[in-house]
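Novice: One structure, as structure tokens, below. Some questions next.
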């Protein structure tokens, strides 16, 4: 198969636990571009979190917020927002259990609490600025994704919402909240449709639970060697660890660089 485009997750894929890009990953991305293959970031992060990395790797296109917002070479092409009705239900349950929420908009994000330790711990792990404070943000702005802050033993408290919302854990204290059925694959599909590229002609790299649909959707799904074990059944190939040339080795396996 002749692949035409490659989608890369960020955390644990393009960057390691120290939030640094391994030098061999930078070299591999440059080699990929030199061979005429377009690299695209596909992440759960918001667009305002990824700009420094995109500039460092000279990547112009991205699918972010777990597929809710996609941009191709600077031009927005896909938006998937959470409905006010679903947000209202989530806010009510979170308030009942005193769990903090962070609402992610198109250009900024805001928490419904001030100085919450779970918010600080989860967001600090991303090495980005902490959210502002605006508990009413969701009422008057488009929200693409929400961080729900609770521990794993409390997830059952949101069982009443699983028919309309999808919860994916990414931190001991935090989960991403998307519409039911939401995934990175939706934003990727929109981009491929725009470009006239078949899913079979695309490759994706990932390591986390929010990468399942993406790896299953593309022609070649590659899991990092440091991936969550539950992602592995969705991958066509498992490459090495992010710090052990995982990106380079996977691109070589795909026949995209030498």
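Numbering (the working numbering), first residue to last: 8 to 265.
Don't be surprised by glycine CBs; every beta carbon is placed ideally from N, CA and C.
(1) Among 96, 134, 9, 156, whose alpha-carbon lies nearest the alpha-carbon of residue 123?
(2) For the beta strand (DSSP E) that contains residue 3, what are its first and last residues?
(3) State yes or no: is the C-beta of residue 87 within less than 8 Å of the C-beta of residue 172?
(4) Counting Cβ pairs, one atom from each stretch, are 3 or more of them under 8 Å apart for the stretch 60 to 68 and the stretch 179 to 191?
(5) Does the structure place the stretch 47 to 55 close enough to the stretch 154 to 169 that three or more beta carbon pairs sit under 8 Å?
(6) For residue 153, which residues of its own chain have a beta-carbon under 6 Å away from its beta-carbon, when the five flanking residues on both sides are left out?
(7) Between which two residues does the beta strand (DSSP E) containing residue 13 stretch?
(8) Can you check DSSP and say which residues form a bridge with residue 78?
(9) Within 10 Å of its beta-carbon, does residue 138 have 16 or more other beta-carbons around it, so buried, or fewer, so exposed?
(10) How many Å lie between residue 2 and residue 136 at the Cα?
(11) Give me the DSSP bridge partner(s) of residue 228.
(12) Could you pull out every residue in the same chain whose Cβ sits closer than 8 Å to the Cβ of residue 222, ignoring the five residues on either side in sequence?
(13) May I ask you to report which of helix, strand or coil DSSP gives residue 186?
(14) With a threshold of 8 Å on Cβ separation, who are the neighbours of residue 277 within its own chain once the five nearest residues in sequence on each side are excluded?
(15) Ordered along the chain, which non-local residues of its own chain (more than five positions away) have a Cβ less than 7 Å from that of residue 258?
(16) Can you give the Cα-Cα distance for residue 45 and residue 261, rounded to whole angstroms?
(17) What's the C-alpha gap between residue 170 and residue 95?
(18) Take the Cβ of residue 25 as the centre, count every other Cβ of all protein chains shown within 10 Å, and call the residue buried at 16 or more, exposed below.
(19) Taking the Cβ atom as the reference point for each residue, do residue 28 and residue 22 lie within a distance shorter than 8 Å?
(20) Quick one: Cα of residue 202 to Cα of residue 102, how far?
(21) Excluding five sequence neighbours on each side, which residues of the same chain lie with their C-beta closer than 6 Å to the C-beta of residue 207?
(22) Looking only at its own chain, which residues have a Cβ that is under 8 Å from the Cβ of residue 251, when we skip the five neighbours before and after it?
(23) Below 8 Å on the Cβ atoms is my contact criterion, and I expect residue 164 with residue 56 to pass it. Report the Cβ-Cβ distance as a whole number of Å.
(24) Since residue 139 sits in a beta bridge, which residues does DSSP pair it with?
(25) I need the DSSP call for residue 240, collapsed to helix, strand or coil.
(26) At which residues does the alpha helix (DSSP H) containing residue 193 begin and terminate?
(27) Could you check where the alpha helix (DSSP H) with residue 163 kicks off and where it finishes?
Specialist: On the basis of the supplied data:
(1) Residue 156 is the option with its Cα nearest to residue 123.
(2) Because residue 3 is not part of the residues shown, which for the chain are 8 to 265, the question remains open.
(3) No, they are not a contact pair.
(4) The answer is no - the stretch 179 to 191 does not touch the stretch 60 to 68, with fewer than three Cβ pairs under 8 Å.
(5) Counting Cβ pairs under 8 Å, fewer than three are found: no touch.
(6) Scanning its chain for C-beta atoms nearer than 6 Å, with the 5 sequence neighbours on each side dropped, one finds around residue 153 the residues 108, 110, 184, in chain order.
(7) Note, residue 13: beta strand (DSSP E), 12 to 15.
(8) Bridge partners of residue 78: 69, 83.
(9) It counts as buried.
(10) No answer is possible for residue 2: the residues shown for the chain start at 8 and end at 265.
(11) In DSSP, residue 228 forms a bridge with 211.
(12) Residues 211, 213, 228, 229, 230, 238, 241, 242, 243 of the same chain have their beta carbon placed closer than 8 Å to that of residue 222, with the five preceding and five following residues left out of the count.
(13) In the structure shown, residue 186 falls within a strand segment according to DSSP collapsed to helix, strand and coil.
(14) The question about residue 277 has no answer here: the residues shown for the chain are numbered 8 through 265.
(15) Cβ-Cβ distances below 7 Å link residue 258 to 35, 39, 264 in the same chain, with the five nearest sequence neighbours on each side left out; the list follows chain order.
(16) Going from the Cα of residue 45 to the Cα of residue 261 covers about 14 Å.
(17) Their Cα atoms are separated by approximately 15 Å.
(18) So residue 25 ends up on the exposed side.
(19) Pairing residue 28 with residue 22 gives a Cβ-Cβ distance under 8 Å.
(20) The alpha-carbon atoms of residue 202 and residue 102 are separated by roughly 43 Å.
(21) The beta carbon of residue 207 sits closer than 6 Å to those of 226, all from its chain and outside the five residues before and after it, given in chain order.
(22) If the five residues before and after residue 251 are omitted, its C-beta is found closer than 8 Å to the C-beta atoms of 232, all from its own chain and listed in chain order.
(23) Contact annotation, residue 164 with residue 56: C-beta distance approximately 28 Å; criterion of less than 8 Å not satisfied.
(24) BP columns for residue 139 point to 117.
(25) The answer is helix: DSSP assigns residue 240 an H, G or I state.
(26) Segment 191 to 202, the alpha helix (DSSP H) holding residue 193.
(27) From DSSP, residue 163 is part of no alpha helix (DSSP H); its letter is neither H nor E.
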